[in-house]
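Here the structure comes first, spelled out in structure tokens, and everything after it is commentary.
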Amino acid sequence: MDGGAAAVTGPGGARVEVVGLTAAYGRTRVLDNVRLDVAPGGWTAVIGPNGSGKSTLLRSVLGFHPHAGQVRVDGVPTTGMPRRERARTLAYAPQRPVVPEGVTTGDYVTLGRTPHRALLAAPRTVDRQVVADVMARLELTELAGRFVATLSGGEQQRAVLARALAQQPRVLLLDEPTAALDLGHAQQVLDLVDRLRRQDGLTVLSTLHDLSLAGQYADRLALLSQGQVVAEGRPADVLTAEALQSHYGARAEVVPGPHGPAVLPLRGPERHRA
Ligand SMILES: Nc1ncnc2c1ncn2[C@@H]1O[C@H](COP(=O)(O)OP(=O)(O)OP(=O)(O)O)[C@@H](O)[C@H]1O
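full-length UniProt numbering puts the sequence shown at residues 1 to 274.
Take a look at the structure:
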């Protein structure tokens with residue numbers, strides 16, 4: 001993966017505001033009056049224990065899950081936004097992507113260009129350039145001819161991210177982007193996302209289970225617990241041993257670092273869940 005000078009993303013990042021977002025599955029409420037404000041070019045990582053509502057929050061922001069409240073991108077509500085406009089504005093890399101059979105990795109990433117092309121039109125030079133650039137940055141060039149369904153879990157995860165980046169979005173929504181990646185690839189992917197937001201102003205809203213990565217890459221953290229944002233702010237203010245104990249039932253030490261805090265889990269003689 002190189003430092004890449006070409007702009008992958010579109011015309012700069014957008015502000016994302018989530019106001020009073022409430023969502024449910026049937027009668028079970030899983031998000032309760034969530035409020036978030038992600039500045040253009042900002043990176044907010046949503047953290048929280050299993051089942052706290054992180055994925056549902058991302059899918060609600062995308063308009064994939066019915067909800068009360070509002071999501072605005074640069075002041076424009078995403079509900080009712082035409083599909084094509086939404087696809088040019090927001091790109092999403094899901095936690096558990098379903099990849100098609102019989103489609104090469106190159107063609108799969110090229111699908112990300114769909115919102116920028118006329119219906120059924122062949123890819124233009126610019127489309128091919130963006131796809132080639134994104135694939136090179138994610139070390140996928142060599143895999144272009146392989147069927148995407150045959151890639152390893154981590155390779156597929158990078159292909160899904162590449163497709164999202166090929167959309168040249170203003171806002172990138174990443175659900176557990178490092179879940180299937182080894183440590184080196186996890187750092188490469190997050191470094192790339194960080195570089196894109198610094199160079200091109202891409203706005204990022206992600207979930208991240210790895211709290212050390214969240215603490216060092218995101219500039220804001222939102223801690224979700226039982227569907228509510230219980231803490232929001234700079235990583236060093238949100239990631240505290242007390243918060244990890246009370247919301248995760250975890251025993252851990254928070255170690256300050258030059259790029260943000262890292263979390264060191266501590267084995268103890270017994271565990272108590274708060
Ligand atoms: N399709 C569904 N039908 C019913 N309940 C659901 C459905 N999807 C999610 N839930 C429930 O909603 C709650 C929030 O789920 P969600 O996937 O948003 O949490 P999460 O914080 O992303 O979890 P994890 O960290 O385990 O990925 C959980 O209790 C989950 O069981």
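For each residue, glycine too, the CB sits at the ideal point set by N, CA and C.
> When DSSP labels each residue in this structure, what does Q188 get in the three-state scheme?
Replying inline: The residue labelled residue 188 in the question sits at position 188 within the sequence shown. Three-state result, Q188: helix.
> Counting along the chain, where does the alpha helix (DSSP H) carrying residue 277 start and finish?
Replying inline: The first residue shown for the chain is 1 and the last is 274, placing residue 277 beyond what the model contains.
> Is the closest heavy atom of ligand 1 to the C-beta of V30 under 8 Å?
Replying inline: Residue mapping note: residue 30 aligns to position 30 of the sequence shown, counting from 1. The answer is yes for V30.
> Is there at least one non-hydrogen atom of ligand 1 closer than 8 Å to the beta-carbon of G25?
Replying inline: The residue labelled residue 25 in the question sits at position 25 within the sequence shown. Sequence check: residue 25 is Tyr here, not Gly. Under cutoff, so the answer is yes.
> Would you call the CB atoms of A68 and L140 closer than 9 Å?
Replying inline: Within the sequence shown, the letter at position 68 stands for residue 68. Within the sequence shown, the letter at position 140 stands for residue 140. Against a cut-off of 9 Å, the Cβ pair of L140 and A68 comes out as no contact.
>> Classify V254: buried if its beta carbon has 16 or more other beta carbons within 10 angstroms, exposed otherwise.
In response: Position 254 of the sequence shown, counted from the first residue, corresponds to residue 254. V254 is buried by the Cβ-count criterion.
> Starting from Q95 and walking both ways along the alpha helix (DSSP H), at which residues does that stretch end?
Replying inline: Here the question's residue 95 lines up with position 95 in the sequence shown. It is not in any alpha helix (DSSP H) - Q95 carries neither H nor E in the DSSP assignment.
> With respect to 8 Å, is the separation between the Cβ of E232 and the closest non-hydrogen atom of ligand 1 below this value?
Replying inline: On the sequence shown, position 232 is the one that residue 232 refers to. E232 Cβ: outside cutoff for every heavy atom of ligand 1.
>> DSSP has P77 in a bridge; who is on the other side?
In response: Counting from one through the sequence shown, the residue named residue 77 turns up at place 77. Bridge partners of P77: R72.
> Name the DSSP beta bridge partners of R195, please?
Replying inline: If you number the sequence shown from 1, residue 195 lands on position 195. DSSP lists no partner for R195.
>> Within 10 Å of its beta-carbon, does T207 have 16 or more other beta-carbons around it, so buried, or fewer, so exposed?
In response: Here residue 207 is taken as the residue at index 207 of the sequence shown, counted from 1. Looking at its Cβ environment, which holds 16 or more other Cβ atoms inside 10 Å, T207 is buried.
> Measuring CA to CA, which of A39, L181, R163 is closest to R88?
Replying inline: Residue 88 sits at position 88 when you count from the first residue of the sequence shown. Looking at the Cα atoms, R163 is the closest of the given residues.
>> What does the alpha-carbon distance come out to for the pair R15 and G268?
In response: Numbered from its first residue, the sequence shown carries residue 15 at position 15. Numbered from its first residue, the sequence shown carries residue 268 at position 268. Looking at the two C-alpha atoms, the distance is approximately 42 Å.
>> Can you tell me which residues form a DSSP beta bridge with A24?
In response: Working through the sequence shown from its first residue, we reach residue 24 at position 24. Answer is R29, bridged to A24.
> Since T105 contacts V73 with CB under 8 Å, what's their CB separation in whole angstroms?
Replying inline: Position 105 of the sequence shown, counted from the start, is the residue given in the question as residue 105. Position 73 of the sequence shown, counted from the start, is the residue given in the question as residue 73. Actually they are not in contact, since the Cβ atoms of T105 and V73 sit about 29 Å apart, beyond 8 Å.
> Just reading off the beta strand (DSSP E) that A262 is part of, what are its end residues?
Replying inline: Mapped onto the sequence shown, residue 262 falls at position 262. First-last of the beta strand (DSSP E) with A262: 262-265.
> For G215, which of helix, strand or coil comes out of DSSP?
Replying inline: In the sequence shown, the residue the question calls residue 215 occupies position 215. Looking at G215 - three-state DSSP - the assignment turns out to be helix.
> Roughly how many angstroms lie between the CA atoms of V230 and T178, to the nearest whole one?
Replying inline: In the sequence shown, the residue the question calls residue 230 occupies position 230. In the sequence shown, the residue the question calls residue 178 occupies position 178. Approximately 24 Å, taken between the alpha carbons.
> How about L223 and A236: do their beta carbons lie closer than 9 Å?
Replying inline: Taking the first residue of the sequence shown as 1, we reach residue 223 at position 223. Taking the first residue of the sequence shown as 1, we reach residue 236 at position 236. In this structure, A236 does not lie closer than 9 Å to L223 by Cβ.
> Taking V109 as the reference, which of Q129, L119, R96, Q95 has the closest Cα?
Replying inline: The residue given as residue 109 occupies position 109 in the sequence shown. Ranking the options by Cα distance to V109, first place goes to Q129.
> Can you tell me the Cα-Cα spacing of G80 and H65, whole angstroms?
Replying inline: To locate residue 80, count along the sequence shown from 1; it is residue 80. To locate residue 65, count along the sequence shown from 1; it is residue 65. Approximately 13 Å between the Cα atoms of the pair.
>> Just to check my reading of the structure: A159 and R113 have Cβ atoms closer than 8 Å, yes? What is that Cβ distance to the nearest angstrom?
In response: The count along the sequence shown starts at 1 and reaches residue 159 at position 159. The count along the sequence shown starts at 1 and reaches residue 113 at position 113. Incorrect: roughly 14 Å between the Cβ atoms, too far for contact.
> At what residues does the beta strand (DSSP E) containing Q228 begin and finish?
Replying inline: Taking the sequence shown and counting its residues from 1, one reaches residue 228 at position 228. Note, Q228: beta strand (DSSP E), 228-233.
> Regarding H67 and ligand 1, is the C-beta to nearest heavy atom distance less than 8 Å?
Replying inline: Residue numbering aside, residue 67 sits at position 67 when the sequence shown is read from its first letter. False, no ligand heavy atom lies under 8 Å from that Cβ.
> Quick one: what's got a C-beta closer than 8 Å to L233's C-beta in the same chain, skipping five residues either side?
Replying inline: Residue numbering aside, residue 233 sits at position 233 when the sequence shown is read from its first letter. Contrary to the premise, residue 233 reads as Gly rather than Leu in this sequence. Cβ within range, chain order: R220, L221.
> Using the beta-carbon count (16 or more within 10 Å), is L120 buried or exposed?
Replying inline: By 1-based counting over the sequence shown, the position of residue 120 is 120. That one is exposed.
>> Helix, strand or coil, according to DSSP, for L143 in the structure here?
In response: The residue given as residue 143 occupies position 143 in the sequence shown. L143 falls in the helix class under three-state DSSP.
> Within 8 Å: the Cβ of G42 and any heavy atom of ligand 1?
Replying inline: One-based indexing of the sequence shown puts residue 42 at position 42. Every heavy atom of ligand 1 is 8 Å or more from the Cβ of G42, so no.
> How many angstroms separate the CA atom of H259 from the CA atom of S246?
Replying inline: Along the sequence shown, read from residue 1 onward, the residue named residue 259 stands at position 259. Along the sequence shown, read from residue 1 onward, the residue named residue 246 stands at position 246. For H259 and S246, the distance between alpha carbons rounds to 25 Å.
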